[in-house]
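Chains A, B, C and D, in that order, give the protein sequences. Residue numbers for the first sequence follow my numbering, beginning at 218 and rising by one. Residue numbers for the second sequence follow my numbering, beginning at 2 and rising by one. Residue numbers for the third sequence follow my numbering, beginning at 46 and rising by one. Residue numbers for the fourth sequence follow my numbering, beginning at 200 and rising by one.
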Amino acid sequence: MALLEIKGLKAYYGQIEALHGFDLSLEEGEITAVLGANGAGKTTTLRAICGMVKSAGSITVEGENVVGMSTEAIVAKHKIAHVPEGCGTFVRVSQEENLRLGAVTRRYREIEKDYERVYHYFPRLKERRNQQAGTLSGGEQQMLAVGRALMLRPKIMLLDEPSFGLAPIITEELFRILGQINRDEGVSMLVVEQNANLALAISKNAYLLETGNVAMTGPADQIMDDEQVRKSYLGY
Amino acid sequence: MDLFIEQTVSGLATGAIYACLALAVVMIYQAIDHFNFAQGEMAMFSTYIAWYLMDDAGLGLPFWVAFVVCIVISFIGGAAIERIVFAPISDAPVLSHIIVFIALFSMFNSLAGFLFDFTPKNFETPFGHTPFIEGVISSHRVGMIAVTLVMLGMIYAFFRFTPIGLAMRAAAAAPESARLVGVRVGFMLALGWGLAASVGAVAGMLIAPITFLTPDMMLGTLLYGFAGAVVGGLTSPLGAVIGGFMVGILENWMGTFVVGSQLKLTVALVLIIVVLLVKPAGLLGRVVVKRV
Amino acid sequence: MKLFTTTMVSAVALTVAMGAAEARNAPGVTAKEIKIGNTNPYSGPAAAYSSIGKSVGACFDKFNGEGGVNGRQINFISVDDGYSPPRTVEQTRKLVEREKVAFVFQGLGTPTNSAVHTYLNKKKVPQLFVATGATKWGDPKNFPWTMGWQPNYQSEGVVYARYVLATKPDAKIGILYQNDDYGKDYVHGLENGLGDKADSMIVSRESFEVTDPTIDSQIVNIKNSGADTFYNVTTPKFAAQAIAKNFELTWAPLHLLNSVSNSIGSVVSKAGFEKGQGMISAAYLMDPTDPEWQTHDEYKAWNAWMDEYYPDGDKTDAFTAYGWAVCHTLVQALEQAGDDLSRENIMAQAANLKNFRAPMLLPGVTINTSATDFYPIEQWQLQRLKGEGWQRFGDIIDGSVGSGS
Amino acid sequence: MASTQTSGTVPAFLNQNPKDRIFVLGVPLPLLERVGLYALLAAVVVLPMVYDGYDIYEFGKILMYMLAVLGLNLLTGFNGQFSLGHSAFFAVGAYSTAIMMEQLGMPYWTTIIPAAIVCFVAGFLFGLPALRLDGLFLALATFALAIATPQLLKYDGIAHLTGGVQGIVLDTPYPPVWVDSIVQSITGEELSVDRWKYMFTAFVAVIMFAGAWNLVHSRTGRALIAIRDNPLSAKTMGINTSIFKSAAFGVSAMYTGVAGSLFAIMDEYLAPESFTFAEAIKFLVGGVVGGIASLFGAIFGGWFVLEIPNFADLVATSLENYINNPQGLTGLIYGLFLIFTVYVMPMGAAGLAQILVHRISTKR
């Protein structure tokens with residue numbers, strides 16, 4: 218059984234149904250891309266996994282259905298690190314305190330060496346460890362967000378538009394590091410992206426969402442080769 | 002002694018009152034990202050509880066026992082207010098919260114008068130009222146400053162060095178992100194309210210021996226406390242204490258040498274507005290960077 | 046005020062309907078009942094004074110239990126105005142026009158009574174024995190329907206001025222006063238009493254607001270002005286603060302404490318007896334907490350009444366004695382009025398009290414009014430704090446300031 | 200003023216009124232509202248013919264409070280700015296009128312417009328720094344303003360104008376001779392001062408209410424609402440948010456200030472004690488319970504503000520036999536009402552009415 222198994226997922230904002238019941242799965246140690254236009258339900262899917270929107274159907278993580286569980290409990294129990302759109306930086310506290318917050322559910326003694334782990338991937342963060350996080354640049358904040366996710370020692374990382382608003386060169390570096398994290402630490406990742414090229418390049422499987430439903434699914438390279446996808450999302 | 006020096010010393014002593022309350026203001030601001038307009042009234046009510054515990058007509062407990070019991074009751078009360086009153090409206094707009102603060106203000110004020118009547122009550126102090134430095138400052142005021150500083154140290158350490166303090170700040174400033182890293186936001190808010198109510202209770206118990214205990218003891222005091230917190234920086238406990246002392250001194254200077262004692266409250270008003278406009282972070286607070 | 050006479054003339058038309066319909070007696074008066082209205086701050090910032098309203102009510106309960114006044118039961122309708130003038134207007138109009146009370150009695154507070162001053166006089170409804178010591182309540186020429194009761198604040202100021210002039214003619218006086226009509230009246234009284242010497246003798250004037258947390262800064266200023274006499278015009282909470290602060294500063298001037306705050310039980314004992322030794326204050330009422338009176342017959346009667354009719358009341362609260370005394374004064378006026386309970390006669394009898402001694406007044410203090418004298422109590426006796434009680438000294442002093450002016 | 204500035208720059212959607220397409224029992228909602236408005240207007244006209252004395256005085260006060268609450272609604276409900284300090288503008292209006300009457304000898308009815316201008320300017324000036332303050336901080340600043348107001352009024356430096364701690368006793372506003380003679384010729388009796396005070400108040404209140412109605416339903420009004428709902432996009436759409444927000448503060452202060460003027464004329468007496476923080480709370484309670492984003496809500500709020508103390512009295516008297524000093528619980532009752540409103544009907548009485556209307560309405 219897959220690490221994360223979604224069946225018949227529906228999600229609601231108030232009265233409005235945003236996801237109309239689809240299936241999705243994420244295998245252990247793999248990166249899966251979720252593509253789609255604005256409003257297709259990508260972000261909602263990630264939020265549903267973390268219990269942040271009202272949802273129906275089943276979301277099974279490590280064999281347990283998490284629908285109805287609180288966000289805090291899902292994060293703590295199943296080690297799911299969510300890197301939200303716009304980074305979710307805690308702007309008022311220092312950069313290192315942001316990292317500390319990533320490990321808030323873990324025991325204090327265990328996390329000391331994890332700072333070094335994060336700085337190993339993102340050397341630039343080390344220089345700014347005591348700077349107020351709100352004053353970091355967009356790229357640094359994105360790295361900080363990934364770093365914060367790493368502090369959880371996650372099994373699953375949910376990444377929401379990590380390339381959003383970043384310069385192409387920084388985006389490429391970020392995705393290189395994401396791939397490295399996936400290989401080195403065996404973290405499974407669900408990546409939501411507008412920049413389909415980059416996402417597909419590091420993914421094994423991919424889903425294409427359209428207005429709250431899965432329009433297409435398959436191995437990443439197949440998706441990349443698909444005529445229609447190329448036209449609509451890859452731009453060539 | 003020179004009038005200027007005497008007014009400064011007297012300002013320091015009064016400033017200790019404001020510092021105490023400013024600390025409580027910062028505590029709640031850090032914990033829930035709001036000003037609690039009912040903070041003064043809650044502190045006043047806590048003080049009445051302590052008075053009841055101590056007074057012969059009440060339970061007649063010794064001071065320090067009453068002190069601790071009062072802090073515990075205030076903590077539970079504060080947390081209960083969050084859970085019962087604020088948790089159900091956590092998604093409501095700011096206005097709703099302000100209205101509930103005003104409602105609490107009105108309710109505590111009214112309830113205190115109803116339960117304990119309006120005649121001024123004498124509140125005991127363990128430090129005594131003997132002169133500490135002859136003609137300058139009394140032992141209670143020294144004790145009060147000492148307790149304020151101890152409390153400051155504890156709050157500073159709590160926010161700075163403990164994971165739970167950090168989590169609390171995160172939960173207040175960005176509840177959604179906090180939830181995503183696994184912070185139990187509801188628990189943090191209740192804890193923050195509890196702690197703020199406790200700090201307020203200590204402030205009330207320190208202030209009451211000087212001002213005497215009446216249901217309206219906190220209205221003006223709270224304004225100065227707000228001024229202190231704003232001057233010092235709403236995110237900095239140390240700033241709040243320094244700000245409180247500064248407001249105390251400034252009030253005396255302005256009252257004595259510039260505007261006369263009739264416009265002292267106006268000084269606090271102007272101070273709040275000017276600082277908010279010119280240096281919103283206050284002296285020691287951090288600039289709140291907003292992403293747009 | 047120049048318009049007032051024309052006001053009175055045209056107001057007659059308004060009130061004709063009321064007077065004509067009910068023969069002689071005032072509205073609210075029947076063979077069995079007299080309806081009396083009252084506003085008191087049961088809520089809000091001045092709620093400490095509400096024990097006056099409650100004790101007056103309890104006092105009427107006692108008279109009603111004993112068969113009433115002139116065979117009529119007193120129906121005392123006491124309502125809350127929260128010490129807010131607009132609310133007083135609403136409540137008073139309601140009492141007069143809807144409840145149809147015979148008159149209003151013991152409305153509390155200067156701003157609140159001021160708000161209905163013209164209204165009641167235009168309507169010719171007696172505004173009897175208001176619970177405030179402002180001087181303006183004794184103005185029968187312009188306001189024939191309004192009368193105070195307690196000695197006015199200015200007269201007390203005059204008493205202190207005379208005392209200072211007699212015992213310490215070279216005194217340098219520092220004044221701490223509450224920044225409202227009450228505080229300023231006290232200051233005026235002292236200034237009047239000192240006369241020409243006021244400017245040279247008063248070296249410092251410091252005011253405070255009721256919302257101020259402390260009065261420390263003001264006291265430091267007064268002390269620094271070189272004052273050797275401290276005129277303390279404050280309400281109980283601040284009076285206690287001032288006594289404590291002086292002690293803290295080891296400043297020991299001649300301390301003149303206004304009567305508003307000279308209660309042993311609620312002020313002096315709370316500040317600490319040792320801090321207030323030697324203070325001078327004026328009094329016209331017995332302080333129920335003063336040991337001197339514990340054996341006095343009037344105290345015993347008061348005590349028995351408190352136990353039976355106002356058991357929740359605080360016996361250390363001087364306002365209960367005040368309520369007891371003022372209630373007896375009204376009863377006296379009503380008894381004098383006999384069966385002619387028209388508003389005119391009630392007012393006339395209130396202005397015709399001769400050497401009346403209300404219980405709990407200091408021995409020797411009596412109440413006198415006339416058509417031109419609307420100040421019922423104008424006598425004081427000075428007292429000095431010694432040990433745990435006040436010691437009266439000197440004669441009963443007449444502190445009248447321009448009666449009937 | 201503001202509407203000319205925005206014409207042409209305000210995007211098209213601001214000109215649409217979404218209510219146009221809603222029908223209640225077959226009647227278009229705007230029409231229904233208009234009918235309701237005229238019914239209220241009729242009631243306002245008829246009242247003085249029926250009532251006199253205390254009753255009509257109370258109705259006058261309701262209208263006066265309605266205006267005060269309306270001021271707060273325009274600011275908070277329609278522009279999203281907070282104020283806990285509207286008692287200050289209430290005081291500015293009241294004292295402006297009193298000073299003009301007392302010092303300049305102006306007749307009471309001539310003071311309304313100058314007082315309104317004074318209040319607008321005061322509000323506009325306070326609104327300038329307020330621009331830079333977020334909701335919470337603005338609440339703090341205005342909280343401070345409300346607490347400092349009574350002290351400012353007593354200040355010795357201006358006591359020769361304000362009467363200081365003594366306050367000001369004003370002349371009675373007698374009806375003009377021509378009005379009196381008209382009334383006498385119709386009814387045969389003299390017009391009482393109470394009735395005249397009411398008529399005067401109602402006249403001002405109706406004009407002001409109509410003004411608010413037009414403002415809210417104009418392009419300017421929609422611009423204000425756009426600023427409330429999304430300041431950033433309002434800015435990008437070319438709305439000069441700072442001018443609008445300051446002006447909104449000014450207009451709001453003007454409404455509450457005119458209420459203050461009417462209060463001075465009605466009660467004929469002013470004292471600093473009439474303008475405490477408790478008064479500011481009153482307006483807030485009225486606004487919130489009536490429905491902060493509704494003009495009709497202000498009417499309900501005005502009534503509520505006047506009646507709630509009576510209600511508290513009633514509760515108090517009924518408890519008299521059980522507990523000591525039940526009147527002390529007035530504040531508790533205030534508080535419970537506020538919390539109840541926030542929980543059960545966050546949009547106030549007007550919001551509740553709206554929901555009921557929507558239940559029985561259809562869209563076309």
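Positions of the beta carbon are idealized from the N, C-alpha and C atoms, including for glycine.
Asked	Found
Under a CB-based cut-off of 8 angstroms, is Ser252(C) close to chain E?	Note that chain E does not occur in the displayed structure, where the protein chains are A, B, C and D.
Nearest chain D C-beta to Asp244(C) closer than 8 angstroms, yes or no?	no
Could you check which residue in Met265(D), Ile311(D), Phe222(D) has the C-alpha nearest to that of Glu506(D)?	Met265(D)
Where do the N-terminal and C-terminal ends of the alpha helix (DSSP H) with Leu1(B) fall, by residue?	Outside the displayed range of chain B (2 to 293) lies residue 1(B), so it cannot be described from this structure.
Looking at Ala287(C) and Thr279(C), is the spacing between their C-beta atoms short of 8 angstroms?	yes
With DSSP as the reference, identify every bridge partner of Ala198(B), one or two as the case may be.	DSSP, once it has assigned bridges, lists no residue as partnering Ala198(B).
Would Phe121(C) and Ile81(C) qualify as a contact pair, given that the criterion is a beta-carbon distance under 8 angstroms?	yes
Measure the CB-CB distance between Ile291(A) and Pro371(A) and report whether it falls below 8 angstroms.	no
Taking Cβ to Cβ, would you say Pro333(C) is nearer than 8 angstroms to Tyr344(C)?	yes
Mind checking Ala66(C): buried by the 16 CB within 10 Å criterion, or exposed?	Only weak support exists for where Ala66(C) lies, its pLDDT of 40 falling under 50; the coordinates are left without a value.
In chain D, which residues lie with their C-beta within 7 angstroms of the C-beta of Leu270(B)?	Ala343, Leu344, Ala347
On a Cα-Cα basis, can you pick out the residue from Ser139(B), Gln263(B), Leu150(B) that is closest to Ala241(B)?	Leu150(B)
Thinking C-beta only, is Trp194(C) closer than 8 angstroms to Thr84(C)?	no
Terminal residues of the continuous beta strand (DSSP E) containing Leu528(D)?	Careful: Leu528(D) lies outside any beta strand (DSSP E) and carries neither H nor E.
Is the shortest distance between the beta-carbon of Tyr325(A) and the beta-carbons of chain B less than 8 angstroms?	yes
Cβ closer than 7 angstroms: which chain B residues qualify as neighbours of Val265(C)?	Glu7, Gln8, Ser11
Can you tell me which of Leu318(A), Leu221(A), Tyr332(A), Arg264(A) puts its alpha carbon nearest to the alpha carbon of Pro164(B)?	Leu318(A)
Per DSSP, what kind of secondary structure is Asn214(D) in: helix, strand or coil?	Per-residue confidence for Asn214(D) stands at a pLDDT of 45, beneath the threshold of 50, marking its modelled position as unreliable; no derived number is given.
Could you check the C-alpha separation between Ala413(A) and Gly79(B) for me, to the nearest Å?	50 angstroms
Less than 8 angstroms between the C-beta atoms of Ser445(D) and Asp251(D), yes or no?	no
Do you know offhand how far Gln8(B)'s Cα is from Trp254(B)'s?	7 angstroms
Would you list, in chain order, the members of the segment 134 to 151 of chain C that have their beta-carbon closer than 9 angstroms to a beta-carbon of chain D?	Val134, Glu135, Gln136, Arg138, Lys139, Val141, Glu142, Arg143
For Ile233(A), count the other beta carbons within 10 Å of its own beta carbon; 16 or more makes it buried, fewer makes it exposed. Which is it?	exposed
Name, please, each residue of chain B whose Cβ falls closer than 8 angstroms to the Cβ of Asn413(C).	Per Cβ cutoff of 8 angstroms: no residues; Asn413(C) is ~32 angstroms from chain B at best.
Give the DSSP-derived three-state secondary structure of Gly61(B) in the structure shown.	coil
Cα separation between Gly396(A) and Leu417(A)?	11 angstroms
How far does the alpha helix (DSSP H) with Ala180(B) in it reach, from first residue to last?	It is worth fixing the name first, because residue 180(B) is Arg in this sequence and not Ala. From DSSP, the alpha helix (DSSP H) with Arg180(B) extends over 176 to 181.
Whole angstroms is fine: what's the gap from Thr400(D)'s alpha carbon to Pro306(D)'s?	15 angstroms
According to a CB-to-CB cut-off of less than 7 angstroms, which residues of the segment 200 to 226 of chain B neighbour chain C?	Ile211, Thr212, Phe213, Thr215, Asp217, Leu220, Gly221, Thr222, Tyr225
Does the segment 441 to 458 of chain D touch the segment 309 to 329 of chain D, meaning 3 or more C-beta pairs lie closer than 8 angstroms?	yes
Are any of the Cβ atoms in chain C nearer than 8 angstroms to that of Asp512(D)?	yes
In whole angstroms, what separates the C-alpha of Gly547(D) from that of Ser493(D)?	9 angstroms
Is the separation between the beta-carbon of Asn307(C) and that of Ala289(C) shorter than 8 angstroms?	no
Would Phe281(D) pass as an interface residue toward chain B - the criterion being a Cβ-Cβ separation below 8 angstroms?	yes
Based on the DSSP secondary-structure assignment, which residues constitute the bridge partners of Ile138(B)?	Ile134(B)
Smallest Cα separation from Glu389(C): which of Ser129(C), Ala216(C), Gly240(C), Leu173(C)?	Leu173(C)
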